[in-house]
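Let me begin by presenting the structure, written as structure tokens, before commenting on it.
Residue numbers (the UniProt record's numbering): 1 to 257.
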């Protein structure tokens, strides 16, 4: 299986979590304003994607609209056009498509795309969101990588876009935090058993769990270890003792000279 290397920019530039969001400035997470701010600042960008009812990849974290908009219900029940009319609470932006975000970033900084689990239990997916991501990325020339907590999603990307670097988003998988994912699935995923099966070339691991033996073993084998989500310079200093890079929010991580 082809295993594309993680582009170098992801190891050089700190990664903004859901772009450079700041609600006080009207820049909502994953919004065009937050993406433009990250590009202008020169940071790498992490965004999340969910699937619209008509099969488009939408840049939005939650599977429900409730937390971030005045609307209610699942993202997957609305068309891309309808979602594109929904204003993000606290700002003036609406929910963008992945294609629109790619046009905004345009290769100026690296873009890390997290494919959100569509099953609720980290189960086998139907591949529709992954296909939408692969379609949006066709011909994109900038530094880009994809990742997911769901190994099935990463396996789909290996088939659909084998030339794009792919990784696993990983965690301590405390079952209390992951309901309704079954405890036995948490136990399995905790060991990162699918890394080779899906042809992953990196992981992005929970920042306060970086001393897990499996993470250290992957690092020792030369696998790039990114981490999430770092919220203070002090946390960053600790994380960088192990991680090759950080995904941050709530402060400005130092850019390389």
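Ideal placement from N, C-alpha and C gives every residue a C-beta, glycine not left out.
Here the structure is a predicted model, which is why all the values come from computation and not from measurement.
Under a three-way DSSP split, which group does residue i fall into?
i           : result
residue 22  : strand
residue 104 : helix
residue 27  : strand
residue 10  : helix
residue 160 : helix
residue 249 : coil
residue 133 : helix
residue 38  : helix
residue 231 : coil
residue 226 : strand
residue 198 : coil
residue 64  : strand
What residue range does the beta strand (DSSP E) around residue i cover?
i           : result
residue 48  : 44-51
residue 58  : 57-59
residue 210 : Run containing residue 210: none; DSSP gives neither H nor E here.
residue 147 : 144-148
residue 114 : 111-115
residue 185 : Residue 185 -> not in any beta strand (DSSP E); alpha helix (DSSP H) instead, spanning 183-190.
residue 16  : 15-17
If residue i and residue j are in contact, beta carbons under 8 Å, what's the gap, nearest whole angstrom?
i           : j           : result
residue 46  : residue 16  : 7 Å
residue 88  : residue 68  : 6 Å
residue 63  : residue 116 : 7 Å
residue 6   : residue 202 : 5 Å
residue 193 : residue 121 : Actually they are not in contact, since the Cβ atoms of residue 193 and residue 121 sit about 17 Å apart, beyond 8 Å.
What residue range does the alpha helix (DSSP H) around residue i cover?
i           : result
residue 214 : 213-220
residue 165 : Run containing residue 165: none in the alpha helix (DSSP H); it sits in the beta strand (DSSP E), 165-170.
residue 176 : 175-178
residue 5   : It is not in any alpha helix (DSSP H) - residue 5 carries neither H nor E in the DSSP assignment.
Would you call the CB atoms of residue i and residue j closer than 8 Å?
i           : j           : result
residue 98  : residue 57  : yes
residue 86  : residue 94  : yes
residue 211 : residue 242 : yes
residue 163 : residue 130 : no
residue 227 : residue 198 : no
residue 142 : residue 105 : yes
residue 170 : residue 204 : yes
residue 48  : residue 18  : yes
residue 90  : residue 28  : yes
residue 200 : residue 166 : yes
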